[in-house]
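As structure tokens, the structure follows; a few thoughts come after it.
There are 2 protein chains.
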Amino acid sequence: MAVTMNDVARAAGVSLKTVSNVINNYEFIRPATKQRVLDAIDELGYETNLTARSLRSGKTSMLGLVLADLSIPYYAELASDIMKAALSRGYRVLVEQSGNEAEHEKAVLQGQFRSLTDGLLFIPLAIDAEQIIAAAGRKPLVLLGEFVQDPRLDMVLIQNKEAAAAVTAHLLAGGRRRIAVLGAHDGDTTGSNGLRLEGYKAALAAAGMAYDPALVIPCDWRRDGGADATARLLDSGVEFDAVFGLNDALALGAMHELLLRGRKVPEEIAVAGFDDLDESRFASPSLTTVAPGRAEIAERAVELLIQRIESKDAVPTVQRPEAAFELRVRQSAP
Amino acid sequence: MAVTMNDVARAAGVSLKTVSNVINNYEFIRPATKQRVLDAIDELGYETNLTARSLRSGKTSMLGLVLADLSIPYYAELASDIMKAALSRGYRVLVEQSGNEAEHEKAVLQGQFRSLTDGLLFIPLAIDAEQIIAAAGRKPLVLLGEFVQDPRLDMVLIQNKEAAAAVTAHLLAGGRRRIAVLGAHDGDTTGSNGLRLEGYKAALAAAGMAYDPALVIPCDWRRDGGADATARLLDSGVEFDAVFGLNDALALGAMHELLLRGRKVPEEIAVAGFDDLDESRFASPSLTTVAPGRAEIAERAVELLIQRIESKDAVPTVQRPEAAFELRVRQSAP
DNA sequence: GGCCACATCTGCAACGATGTACCCAGCCCG
DNA sequence: CGGGCTGGGTACATCGTTGCAGATGTGGCC
Numbered sequence: 327m328a329v330t331m332n333d334v335a336r337a338a339g340v341s342l343k344t345v346s347n348v349i350n351n352y353e354f355i356r357p358a359t360k361q362r363v364l365d366a367i368d369e370l371g372y373e374t375n376l377t378a379r380s381l382r383s384g385k386t387s388m389l390g391l392v393l394a395d396l397s398i399p400y401y402a403e404l405a406s407d408i409m410k411a412a413l414s415r416g417y418r419v420l421v422e423q424s425g426n427e428a429e430h431e432k433a434v435l436q437g438q439f440r441s442l443t444d445g446l447l448f449i450p451l452a453i454d455a456e457q458i459i460a461a462a463g464r465k466p467l468v469l470l471g472e473f474v475q476d477p478r479l480d481m482v483l484i485q486n487k488e489a490a491a492a493v494t495a496h497l498l499a500g501g502r503r504r505i506a507v508l509g510a511h512d513g514d515t516t517g518s519n520g521l522r523l524e525g526y527k528a529a530l531a532a533a534g535m536a537y538d539p540a541l542v543i544p545c546d547w548r549r550d551g552g553a554d555a556t557a558r559l560l561d562s563g564v565e566f567d568a569v570f571g572l573n574d575a576l577a578l579g580a581m582h583e584l585l586l587r588g589r590k591v592p593e594e595i596a597v598a599g600f601d602d603l604d605e606s607r608f609a610s611p612s613l614t615t616v617a618p619g620r621a622e623i624a625e626r627a628v629e630l631l632i633q634r635i636e637s638k639d640a641v642p643t644v645q646r647p648e649a650a651f652e653l654r655v656r657q658s659a660p
Numbered sequence: 327m328a329v330t331m332n333d334v335a336r337a338a339g340v341s342l343k344t345v346s347n348v349i350n351n352y353e354f355i356r357p358a359t360k361q362r363v364l365d366a367i368d369e370l371g372y373e374t375n376l377t378a379r380s381l382r383s384g385k386t387s388m389l390g391l392v393l394a395d396l397s398i399p400y401y402a403e404l405a406s407d408i409m410k411a412a413l414s415r416g417y418r419v420l421v422e423q424s425g426n427e428a429e430h431e432k433a434v435l436q437g438q439f440r441s442l443t444d445g446l447l448f449i450p451l452a453i454d455a456e457q458i459i460a461a462a463g464r465k466p467l468v469l470l471g472e473f474v475q476d477p478r479l480d481m482v483l484i485q486n487k488e489a490a491a492a493v494t495a496h497l498l499a500g501g502r503r504r505i506a507v508l509g510a511h512d513g514d515t516t517g518s519n520g521l522r523l524e525g526y527k528a529a530l531a532a533a534g535m536a537y538d539p540a541l542v543i544p545c546d547w548r549r550d551g552g553a554d555a556t557a558r559l560l561d562s563g564v565e566f567d568a569v570f571g572l573n574d575a576l577a578l579g580a581m582h583e584l585l586l587r588g589r590k591v592p593e594e595i596a597v598a599g600f601d602d603l604d605e606s607r608f609a610s611p612s613l614t615t616v617a618p619g620r621a622e623i624a625e626r627a628v629e630l631l632i633q634r635i636e637s638k639d640a641v642p643t644v645q646r647p648e649a650a651f652e653l654r655v656r657q658s659a660p
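Chains as they are written, first to last, in the working numbering: chain C, 327 to 660; chain W, 327 to 660.
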């Protein structure tokens with residue numbers, strides 16, 4: 327059905343291999359020959375069969391990206407950045423939604439999905455380092471985010487702690503004294519939740535303020551999680567003059583609930599988030615947040631993964647680029 | 327390096343083909359043999375090489391999805407739904423971002439991208455039906471949305487006109503008399519913009535109201551486009567008591583600008599959108615909008631495309647499922 | 001003139017799976 | 001008892017490319 331190299335070869339009066347050489351820019355081909363081949367390709371409308379090439383070369387030129395769900399804006403924006411970074415380096419991205427389920431995450435690490443990709447970018451949420459190492463195959467793997475940390479794994483970190491501290495410090499500088507934190511448990515110390523909570527505590531300590539566990543409310547990292555948590559907080563009667571959502575979705579949910587209940591933002595209660603989603607800029611009031619350097623994270627992760635794929639040495643050195651963050655002060659917490 | 331069927335065959339003491347038969351659930355295999363093969367697979371950790379299978383079978387079991395950019399929430403949410411619909415039918419989705427550029431859209435229709443997929447779901451934005459037909463290859467293609475319409479192409483429509491009319495009627499029922507429309511040119515009659523504008527006009531006519539072109543403001547379908555358009559509208563001095571953003575992003579941008587300028591929503595000016603993004607529910611005030619039945623669109627599009635892929639008859643019948651819409655009345659336009 | 005070096009091009013085998021054809025044993029049936 | 005059928009399995013070619021190992025031709029140089 328489709329046009330193959332053989333057809334092109336016949337049309338151009340050369341061998342199949344010469345067509346292959348032309349396509350792969352082999353150096354020693356007479357210009358005239360090359361032109362004949364190119365003309366034939368044009369005329370017949372030949373397209374390389376990437377499947378065949380993959381089989382032969384053992385490379386698919388695709389990166390796998392495993393995340394919870396594209397309908398979550400942070401992941402969608404990150405995916406977009408990653409796809410662009412990959413494309414500029416000659417790779418495509420195959421996205422897989424794990425739905426935040428441990429079984430699914432494990433399956434993806436070993437399953438057939440791997441055979442379609444040369445390497446994996448993985449945002450683990452439900453499984454830990456041991457499980458990842460146990461389940462992962464031999465192909466390159468780079469972790470994103472920071473729910474998991476292990477010296478045996480490549481990963482690209484973001485400055486969770488520092489950035490969270492910066493947000494907290496900003497709220498304190500604005501005169502807030504009782505800052506509620508949404509999206510963590512009191513005891514958390516690892517993962518994005520734990521590290522951001524640590525940053526919060528560090529900023530409090532630096533300001534000589536006491537840490538009150540009653541202000542730390544666990545919940546799903548989604549808008550409705552933030553709204554629910556805020557409702558619970560308001561109902562509980564605990565006093566607070568600011569809310570720090572450990573991600574923007576939480577903060578936006580919180581703000582929605584606060585306004586719904588007639589609390590003034592930021593006059594009565596300031597709100598701040600973490601991620602700098604596009605929508606945060608257009609919220610009303612616009613959301614103060616911290617940009618974790620998403621584009622840079624995407625670039626670095628893609629670069630690191632491709633390096634692993636293309637480098638001959640199989641020795642997995644640990645490398646942890648730290649992407650820069652930037653505080654975005656807006657109306658919700660001036 | 328990797329374990330192949332050959333290795334499994336040797337380990338199980340059967341022929342390579344028998345392993346293949348076991349994997350493909352060929353009926354006539356003695357249970358004992360089957361078990362031996364399965365044990366060998368388990369022991370060696372064999373995984374089918376999907377690339378090889380694709381080459382041999384001529385099917386990749388992947389659907390291509392071409393959209394402007396995943397960072398746009400509507401596309402991200404649609405992509406998520408499409409991936410789920412495809413996965414439940416045994417297909418994966420390979421996403422390609424066109425960036426809304428005509429050249430890129432054309433390239434994707436013919437380029438190597440096609441050889442990686444069995445069929446394409448395409449949301450055309452920058453090119454028209456003629457260009458699509460000229461550029462498209464022989465593989466199945468299903469269009470989404472409604473920027474393009476042509477009887478020679480398969481597509482899944484949404485009820486742009488009817489849904490837009492419903493939104494407009496709702497605003498009118500709320501007593502609004504001067505409804506600005508963001509995201510269309512006065513003369514538009516085709517594409518999502520044109521059709522939604524037509525719906526708007528139809529609702530006005532049904533209510534016996536005059537249509538005023540001065541209320542129709544063209545702009546990019548993004549939050550900042552909506553904000554800019556609203557700023558221009560306010561500056562122009564044209565009177566209006568409601569804003570209908572032709573998508574939610576526009577409406578949210580508009581609402582942001584209105585509130586920024588101290589206009590009360592919905593008391594002074596009501597705001598309504600189109601899409602029912604997740605974030606619209608949590609905007610403050612929450613956004614009145616219309617849900618176009620995204621999940622159903624995704625299901626239908628995937629179903630139609632897979633039907634085209636798997637059906638033997640190559641005759642391209644025109645089929646246009648109409649997904650149902652639902653008005654979501656919220657605070658911004660009660 | 002002979003030989004080497006190099007540019008240019010070719011043929012064959014392979015990547016790892018599946019389709020097709022075929023083989024063999026057992027069994028039923030006339 | 002022979003022929004046909006059917007269950008259970010195998011061998012080989014093949015999908016469209018690329019790597020490897022030549023084969024050919026041309027010019028330069030001693």
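Heads up, the beta-carbon is just placed ideally off N, CA and C, and yes, glycines get one too.
If you check the beta carbons only, do residue 610 of chain C and residue 610 of chain W fall under 8 Å apart? Residue numbering aside, residue 610 of chain C sits at position 284 when the first sequence is read from its first letter. Residue numbering aside, residue 610 of chain W sits at position 284 when the second sequence is read from its first letter. Contact: yes.
Are there 16 or more other CB atoms within 10 angstroms of the CB of residue 397 of chain W, so buried, or fewer, so exposed? Taking the first residue of the second sequence as position 1, residue 397 of chain W is located at position 71. When all chains shown are included, residue 397 of chain W counts as buried.
State the DSSP-derived secondary structure class of residue 552 of chain W, mapped to helix, strand or coil. The residue given as residue 552 of chain W occupies position 226 in the second sequence. Residue 552 of chain W: helix per DSSP, three-state reduction.
In whole angstroms, what separates the C-alpha of residue 495 of chain W from that of residue 485 of chain W? The count along the second sequence starts at 1 and reaches residue 495 of chain W at position 169. The count along the second sequence starts at 1 and reaches residue 485 of chain W at position 159. Cα-Cα distance, rounded: 15 Å.
Just checking, does the stretch 355-371 of chain W make contact with the stretch 421-430 of chain W on the three C-beta pairs under 8 Å criterion? The stretch 355-371 of chain W makes no contact with the stretch 421-430 of chain W: fewer than 3 CB pairs, one atom from each, lie closer than 8 Å.
Residue 501 of chain C burial status per 10 Å Cβ neighbour count (16 or more: buried): To locate residue 501 of chain C, count along the first sequence from 1; it is residue 175. It is exposed - the Cβ of residue 501 of chain C has fewer than 16 other Cβ atoms within 10 Å.
Since residue 390 of chain C sits in a beta bridge, which residues does DSSP pair it with? Here the question's residue 390 of chain C lines up with position 64 in the first sequence. Residue 390 of chain C is bridged to C/420 and C/446.
Could you give the distance in angstroms between the alpha-carbon of residue 416 of chain W and the alpha-carbon of residue 630 of chain W? Stepping through the second sequence from its first residue, residue 416 of chain W is reached at position 90. Stepping through the second sequence from its first residue, residue 630 of chain W is reached at position 304. Rounded to the nearest angstrom, the two C-alpha atoms are 14 Å apart.
Which residues does DSSP list as the beta-bridge partners of residue 482 of chain C? Position 156 of the first sequence, counted from the first residue, corresponds to residue 482 of chain C. Its beta-bridge partners are C/470.
Residues in its own chain within less than 8 Å of residue 330 of chain W by CB, not counting five upstream and five downstream? Your numbering for residue 330 of chain W matches position 4 in the second sequence. So the list reads 372 and 375, once near-sequence residues are dropped.
For residue 653 of chain C and residue 537 of chain C, the rounded distance between their alpha carbons: As a working mapping, residue 537 of chain C is identified with position 211 in the first sequence. As a working mapping, residue 653 of chain C is identified with position 327 in the first sequence. Cα to Cα, the separation comes out at about 23 Å.
Going along the chain, which unbroken runs of the alpha helix (DSSP H) with 4 or more residues stay wholly within the stretch 365-416 of chain W? 376-383 and 399-413
Tell me whether residue 344 of chain W sits in a helix, a strand or coil according to DSSP, three-state version. The sequence position of residue 344 of chain W within the second sequence is 18, counting from 1. Of the three classes helix, strand and coil, the one that applies to residue 344 of chain W here is helix, per DSSP.
Can you pull out the residues from the stretch 362-383 of chain C whose beta carbon lies closer than 7 Å to at least one beta carbon of chain W? For the stretch 362-383 of chain C, the set of residues with a beta-carbon nearer than 7 Å to any beta-carbon of chain W comprises 373, 374, 375, 376, 377, 378, 380 and 381, in chain order.
Using DSSP with H/G/I as helix, E/B as strand and the rest coil, what is residue 654 of chain C? Counting from one through the first sequence, the residue named residue 654 of chain C turns up at place 328. Strand.
Does the beta carbon of residue 331 of chain C come closer than 8 Å to any beta carbon on chain W? Counting from 1 along the first sequence, the entry for residue 331 of chain C is found at position 5. Judged by the 8 Å Cβ criterion, residue 331 of chain C is not in contact with chain W.
Just to confirm my understanding: we take residue 524 of chain C, look at its own chain, exclude 5 residues before and 5 after, and list those with CB closer than 7 Å. What are they? To locate residue 524 of chain C, count along the first sequence from 1; it is residue 198. The answer, listed in chain order, is 487 and 515.
Under 7 Å from the C-beta of residue 386 of chain C: neighbouring residues of chain W: Indexing the first sequence from 1 puts residue 386 of chain C at position 60. Result: 377.
If you draw a straight line from the C-alpha of residue 461 of chain W to the C-alpha of residue 564 of chain W, how long is it? Indexing the second sequence from 1 puts residue 461 of chain W at position 135. Indexing the second sequence from 1 puts residue 564 of chain W at position 238. Going from the Cα of residue 461 of chain W to the Cα of residue 564 of chain W covers about 44 Å.
I'd like to check one pair, residue 393 of chain C with residue 405 of chain C: are the Cβ atoms closer than 8 Å? Here the question's residue 405 of chain C lines up with position 79 in the first sequence. Here the question's residue 393 of chain C lines up with position 67 in the first sequence. Contact: yes.
What separation, rounded to the nearest whole angstrom, lies between the Cα atoms of residue 554 of chain W and residue 489 of chain C? Residue mapping note: residue 554 of chain W aligns to position 228 of the second sequence, counting from 1. Residue mapping note: residue 489 of chain C aligns to position 163 of the first sequence, counting from 1. Computed Cα separation, rounded: 31 Å.
Check the Cβ-Cβ distances between residue 539 of chain W and every residue of chain C, and say whether any is below 8 Å. Taking the first residue of the second sequence as position 1, residue 539 of chain W is located at position 213. Residue 539 of chain W does not count as touching chain C.
Amino acids of chain C, ordered along the chain, whose beta-carbon sits closer than 9 Å to that of residue 399 of chain W: Locating residue 399 of chain W in the second sequence gives position 73, where the first residue counts as 1. The answer, in chain order, is 397, 399, 402, 604 and 605.
Rounded to whole angstroms, what is the Cα-Cα separation between residue 336 of chain W and residue 508 of chain C? Here residue 336 of chain W corresponds to residue number 10 of the second sequence, with the count starting at 1. Here residue 508 of chain C corresponds to residue number 182 of the first sequence, with the count starting at 1. For residue 336 of chain W and residue 508 of chain C, the distance between alpha carbons rounds to 57 Å.
At least 3 beta-carbon pairs within less than 8 Å: the stretch 566-581 of chain C vs the stretch 591-608 of chain C: Segments in contact, yes.
Is residue 441 of chain W close to chain C, meaning its C-beta is less than 8 Å from at least one C-beta of that chain? The count along the second sequence starts at 1 and reaches residue 441 of chain W at position 115. Yes, residue 441 of chain W counts as interfacial toward chain C.
Please report the distance separating the alpha-carbon of residue 353 of chain W from that of residue 338 of chain W. Indexing the second sequence from 1 puts residue 353 of chain W at position 27. Indexing the second sequence from 1 puts residue 338 of chain W at position 12. Taking the straight line joining both Cα atoms gives about 19 Å.
Under 8 Å, do residue 497 of chain C and residue 568 of chain C count as touching if we go by C-beta distance? Along the first sequence, one-based indexing puts residue 497 of chain C at 171. Along the first sequence, one-based indexing puts residue 568 of chain C at 242. Cβ atoms of residue 497 of chain C and residue 568 of chain C: closer than 8 Å.
Every unbroken beta strand (DSSP E) inside the stretch 556-589 of chain C [3 residues or more]: 568-571
Quick check on residue 329 of chain W: does DSSP put it in helix, strand or coil? Indexing the second sequence from 1 puts residue 329 of chain W at position 3. Judged by DSSP in its simplified three-state form, residue 329 of chain W adopts coil rather than helix or strand.
Give the single residue among W/342, W/447 and W/589 whose Cα lies nearest to the Cα of residue 634 of chain W. Against the second sequence, residue 634 of chain W aligns to sequence position 308. The shortest Cα separation from residue 634 of chain W among W/342, W/447 and W/589 belongs to W/447.
Let's test the definition: count the other Cβ atoms within 10 Å of the Cβ of residue 660 of chain W and tell me whether it reaches 16, buried, or not, exposed. Your numbering for residue 660 of chain W matches position 334 in the second sequence. It is exposed - the Cβ of residue 660 of chain W has fewer than 16 other Cβ atoms within 10 Å.
Anyone know if the C-beta pair for residue 458 of chain W and residue 435 of chain W falls short of 8 Å? Reading the second sequence from its first residue, position 132 is the one you call residue 458 of chain W. Reading the second sequence from its first residue, position 109 is the one you call residue 435 of chain W. Cβ atoms of residue 458 of chain W and residue 435 of chain W: closer than 8 Å.
Between residue 589 of chain W and residue 529 of chain C, what straight-line distance do the alpha-carbon atoms span, to the nearest angstrom? Position 263 of the second sequence, counted from the first residue, corresponds to residue 589 of chain W. Position 203 of the first sequence, counted from the first residue, corresponds to residue 529 of chain C. Approximately 37 Å, taken between the alpha carbons.
Is residue 359 of chain W helix, strand or coil when you go by DSSP? Indexing the second sequence from 1 puts residue 359 of chain W at position 33. DSSP places residue 359 of chain W in helix when its eight states are reduced to three.
Reducing DSSP to helix, strand and coil, say where residue 453 of chain C ends up. Walking along the first sequence from the start, residue 453 of chain C turns up at place 127. Three-state result, residue 453 of chain C: coil.
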